[in-house]
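If you read the protein sequences in the order shown, they are chains A and B. Residues 1121 to 1798 in the working numbering are what the first sequence lists, from first letter to last. Residues 5 to 356 in the working numbering are what the second sequence lists, from first letter to last. Just so you know, even glycine gets a beta-carbon here, dropped at the ideal spot from N, CA and C. Notes follow once the structure below has been shown.
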Amino acid sequence: MSVAVSGTGEKNGGALVPYSDEAKKPVVYSLGHGVRPPISRLAISWSRGNSLRVSVFREPSPSEDSGDECGGKVLEVRLGNGDGEVSDAQWRRIAYGSVSPFALLQSRRNSVSGLSKMSFNSSPYHVEWWEYVLEYSKDINSLLSNSQPPPPSLIDDPKAVLKKVEEPTCLKAAWELMEVFYADKLSQAWLPERLVDWLSDYDSLLSGTQVTVHSKLVDFQKDLISLQVIEDDPKYWEVMSSALAVGWLEIVVSSFRVLLRCVGFYISVVKLLRLHGSYQLDQLGNRETENGLVEAVAVLISKMPRMRPELETGKLGDCYKAKPDFIKAWEKWRTQITKLECSAFWVQCAHRQTRDGLRNMLQIMLGNTNCLCTATCHWIELYISHFLYIRPFTVGLESMNSLAQKCIQLKPMASSHRLMGLMIGILGENIEVVLAECSKGFGPWMVTHAIELLTAGSDQADILLHEEHHNLGEINMEELHRLVYAQVLSAHALTWQIAPIYLASCMKQGMGLLEILLYKQPVYHKQLLLKNIEICRLYELDSVSSRIMKIAGMYHWKHGRKGSGIFWLQQAQDEVRLNRIAQQMFDSVGKSISDESFRQWEGLIQLLGSESNMVGGLDFLHNAPYRYRDFKKSLMQIHDGKTTDTACQAVESLVSMAMDHAEFANTCVYSQYRRPTL
Amino acid sequence: MAITGIASTTTPSQIHKLPLAAHIDAVKWLPPLSPLSKLFALALFDTDASAPSLQTFSFSDPSSPSSLSPPHSIWTPPSRISSLASFRQSPILAASTLSGSIHMLSAGPAGLELLHAVDDKGFHEGPILGIDVAESAAVVSVGEDGRVNLVNFGGGGGEGFRRVFDGEGLVGFNAVKWASPSEFVTGGYGFGLQWWDLRRPGGPASQFKGNWSQGKSSGLVHSIDVHPSRKHTCLAGGSSGTIFAWDLRWQQQPIVLSGVGTGEAAIPLLSESEVWEVQYDCYAKSSNSSARVLPAMFCSEDGILAMVEQGEEPIELLAEPCAINSFDIDQQNPSDVICSLEWESIAIVIRP
């Protein structure tokens, strides 16, 4: 039998975030339920988290003796979250890890807003708020890297170290993009170069849906081994121009780098150039001019001025921190390129491919738009090449955005990628779009945590996210997203206990939902119950705590664990129920004196009575024997056939003892074996 | 996360945190399979698949690992494991489950092998919460149902069990610990401890009432330890950060090491919530020769792993943002401690 589960939702009408058309196609999955036909009923309901509960019922057949035939089955069907990039366990690890940075930032916010703004700013040791946010961002970012669980393998592979290389994820790429634009104020001056770095780390992620410079390089790497005369291959020149256009002067791409690191070498444009046949000793003599030209281009590339404070070791280029210095160097560098461009040596260069290839590279360095456009594969790459070779001084989101729009026009997107969507939203300074892209592409965890970056980085976002909305029940967007995330956390047995941290940060509705969450937790597992009570203690929810204890008390009582039941009811100071319990026990005693229940019951009190010399000088215990005596007297009267009035007195005596005695149930029982006869 | 409280003269402990993709219910060191590696057992529960498992892992390279190597062996219990016990350095592991069964496994080089199991009807009603195994391979088990059962796996057959006591639900136990081949201690509700002697059947030979801590602050005992050389003193840990010792020779008054009962004594309280486990810490040198209780280690719901000593400031080994649910001190190398963290990971602390 198969059940059709419409993958991502059929109620587009009321959806907050509209689903794209491609998600509308129904997907058919088969469920192996093992129930023999005929099936009479099928019930489907939501279970915990992202699971569906499918109940399959069989037609009851009175004719055949179905002794071992089951009458139905309940199956849990887990619906995938559609994001294969981050596994469930990894998501949970990210959720756990982000608790501390989030809580730290919230408490800093509270202490900062507690101080008056004046004194905060005038303090000589003051830290700007964005520095806290940047620290938070870095903490979160570190969670997103390499936390892949080890692959399940039974053999301890000594070469496993090589495989444990960080795979870039879209989640991390998106977080870094947000960090660059909103949190890191220091990098604002060299934003274009930050984007160059960003693309070199994450271009491979875009390869999934389209051709990228990265994917071209990966393909070429495969051919490289078999190529004899490398400079005759037009692909060699094409790949080099592409890598040059996106500024990977030295190291090519992160995962490509990984691929190559394993075999012990890496590729750079300069290195690629030096693979040129003219470097071979036997050819050096007759290809001198050619070699000179290749070398000249290689030197020019490695001397490229970069507007950034520093470069990682091994990367090429000359760094300039101050703009005037950079401009000077930039002009000089371009003059050198132009000079080489016009050199007479080109005529002497006999190898056509080399001549054309090198001149094309010079055109790229001179910022020839057509060459850049040909060399790059998608608009972000083109955008980056513009920063590198045409407009290195671009500052301000407005001009960055207009440049981006121009690049999108030149290289229209064949298919949209969630990272591209996010980037367009950021550049367009459209907070709603950024939020929607975060939510659609990366889920509630991303939105909740990225809001901290957004509000720190933009006043507009701060206002928008903290504005209370009527239609949201007077809460603001920030709270809404935290509540949504808390719901997601609450839906899993292992993450529900971190939901309170997010709920507690929600001013309006957080505590109400927290109470509901705590009530919903099962009480039968001791550790869970105590965890629940501990959370109540942390958030000073005494009434909730005592209600949970009452629930636990009743649960244990009903399941025959009278001791545990009474313990929890006493912890909850539930006089009413303890009275009822006493009454119940009393009734059962009244029914038959020789009953088993009486034996236990009598044992209960015997112990209380026999301890007249109790420890600790606790006052109430002095009363206990007397109360016990009263009770016993009443009991005796009942046996003699007296009225129920005395019965009530007996109950009262019992209850006062029970209430006083801290561990009424626990200790009482042992004495039953050493009980003196009545 | 933070290492604090380490005396300035010593080098800090090495802490390795290793993530797992499942909840860890119990953790226990095992005798190593090779001289340079260490072996430990984890009782895991995969909540998504509702799948419990018992796995052993070897840990050989203390310098770098950011994740665990694959398990050395895996055994699937019938239901979630509630407690693990082993006797010092013997490669025998006893596991109790929430469905009320006990399993005896050998944890030798061949991996985990089931030797015996007891899951008879009427053995326990509901979960077994505490077990302990003696040298003779006799396992004592307690549960919320108030039953105290004894299974002698040492006798070869391992068939059947002996009911030492049946509280018939009027009482429940959380923890049990052997003191001698014929004596053990149990603990449960109301901070009470019971001393049992198999030679004196019928009920506990002696019991300690928990009402020294007054009124509402009553709580549960979660863990008990008895030192092999000082069997007259039992150490117990439970609710509200309470750690106390009960000396059989001075029965009426507990020695409070930490917790609400401390009263005027100004011992700083490290933890205010559940103390999940206590063990005597033979690695810590007692600085106080007159102390009646040997130094001990505990872990708590509020994420503390620390050493406590009578009349001394506690020393914190770990302070985590999540609960530390259990720990074990390696009997062979007492400097090494393994603990399970609530957030699906373990931490191995190697003290200098």
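Asked: For B:Y284, which residues of its own chain have a beta-carbon under 6 angstroms away from its beta-carbon, when the five flanking residues on both sides are left out?; Found: D229, H231, L298, A300
Asked: At a CB distance below 7 angstroms, what residues from the stretch 1213-1224 of chain A approach chain C? Give them in sequence order.; Found: The structure shown contains no chain C; the protein chains it does contain are A and B.
Asked: For A:G1477, does the count of other Cβ atoms within 10 angstroms reach 16, so buried, or fall short, so exposed?; Found: buried
Asked: Determine, using beta carbons only, whether B:A121 comes closer than 8 angstroms to chain A.; Found: no
Asked: What is the DSSP secondary structure of B:K235, counted as helix, strand or coil?; Found: strand
Asked: For a quick check, are the C-beta atoms of B:A240 and B:W250 less than 8 angstroms apart?; Found: yes
Asked: Smallest Cα separation from B:A45: which of B:D52, B:A53, B:T51, B:P36?; Found: B:P36
Asked: Count the other CB atoms within 10 Å of the CB of B:P23; is the residue buried (16 or more) or exposed (fewer)?; Found: buried
Asked: When you compare each of A:Y1149, A:C1190, A:E1179, A:R1156 to A:L1172 by their alpha carbons, which one comes out closest?; Found: A:Y1149
Asked: Can you pull the chain B residues whose beta carbon is under 7 angstroms from the beta carbon of A:S1684, in chain order?; Found: E148, G176, Y193
Asked: Closer than 7 angstroms by beta-carbon distance: list the chain A residues that pair up with B:D251, in chain order.; Found: Ordered by position in chain A, no residue passes the 7 angstroms Cβ test against B:D251, which lies about 14 angstroms from the chain.
Asked: Go ahead and pull the three-state DSSP assignment for B:P56.; Found: strand
Asked: Just mark A:S1331 as buried or exposed, buried being the case when its beta carbon has 16 or more other beta carbons within 10 Å.; Found: According to the sequence provided, residue 1331 of chain A is Val. The question's Ser does not apply to it. Classification of A:V1331: exposed, given that the 10 Å Cβ count is below 16.
Asked: Give me the residue from A:L1638, A:V1515, A:L1369, A:S1320 with the minimum Cα distance to A:L1547.; Found: A:V1515
Asked: Quick one: what's got a C-beta closer than 6 angstroms to A:G1134's C-beta in the same chain, skipping five residues either side?; Found: Confidence is the limiting factor: at A:G1134 the pLDDT is only 44, short of 50, which leaves the residue's position unreliable, though a coordinate-based value still follows. Taken in chain order, the list of residues that qualify is empty.
Asked: Nearest-angstrom Cα distance between B:F61 and A:R1428?; Found: 48 angstroms
Asked: Would you mind giving the Cβ-Cβ distance between A:L1614 and A:R1161, rounded to the nearest angstrom? I have them listed as a contact below 8 angstroms.; Found: The pair is not a contact, with the Cβ atoms about 33 angstroms apart (cut-off 8 angstroms).
Asked: Rank B:A89, B:Q93, B:C343 by C-alpha distance to the C-alpha of B:Q336 and give the top, closest one.; Found: B:Q93
Asked: By the three-class DSSP mapping on this structure, what secondary structure does B:S290 have?; Found: coil
Asked: Does the CB of A:R1667 have a neighbour CB from chain B at under 8 angstroms?; Found: no
Asked: Taking the continuous beta strand (DSSP E) assigned at B:S262, which residues delimit it?; Found: 259-262
Asked: Can you give me the Cβ contacts of A:A1692 inside the same chain, cut-off strictly under 7 angstroms, excluding the 5 residues immediately before and after it?; Found: S1666, M1669, K1670, G1673
Asked: Just checking: is the beta-carbon of B:C303 within a distance shorter than 8 angstroms of some beta-carbon in chain A?; Found: no
Asked: Roughly how many angstroms separate the alpha carbons of A:S1374 and B:L43, rounded to a whole number?; Found: Any reading at A:S1374 is ruled out, since the residue's pLDDT is 30, under 50, leaving its predicted position unreliable.
Asked: On the three-state DSSP scale, how would you describe A:P1620?; Found: helix
Asked: Please report whether the beta-carbon of B:T190 lies at a distance below 8 angstroms from any beta-carbon of chain A.; Found: no
Asked: Assuming B:D201 contacts B:S186 under a Cβ cut-off of 8 angstroms, what Cβ separation, rounded to an integer in Å, is found between them?; Found: 6 angstroms
Asked: With DSSP as the reference, please indicate the residues paired to B:K181 in a beta bridge.; Found: B:V189
Asked: Should B:P325 be flagged as near chain A, meaning a C-beta pair shorter than 8 angstroms?; Found: yes
Asked: Spell out a yes or no on whether the stretch 1461-1474 of chain A and the stretch 1437-1449 of chain A are touching, meaning 3 or more CB-CB pairs, one atom from each, closer than 8 angstroms.; Found: no
Asked: So, under 8 angstroms CB-CB, B:A98 and B:V137 are touching, yes? Tell me the CB distance rounded to an integer number of Å.; Found: 4 angstroms
Asked: In this structure, how does DSSP classify B:R167 when only helix, strand and coil are distinguished?; Found: strand
Asked: What number of angstroms, rounded off, separates the C-alpha of B:L119 from the C-alpha of B:A179?; Found: 24 angstroms
Asked: Between the C-alpha atoms of A:D1304 and A:K1258, what's the straight-line distance to the nearest angstrom?; Found: 10 angstroms
Asked: B:S86 and B:S105: beta carbons closer than 8 angstroms?; Found: no
Asked: Classify A:M1627: buried if its beta carbon has 16 or more other beta carbons within 10 angstroms, exposed otherwise.; Found: exposed
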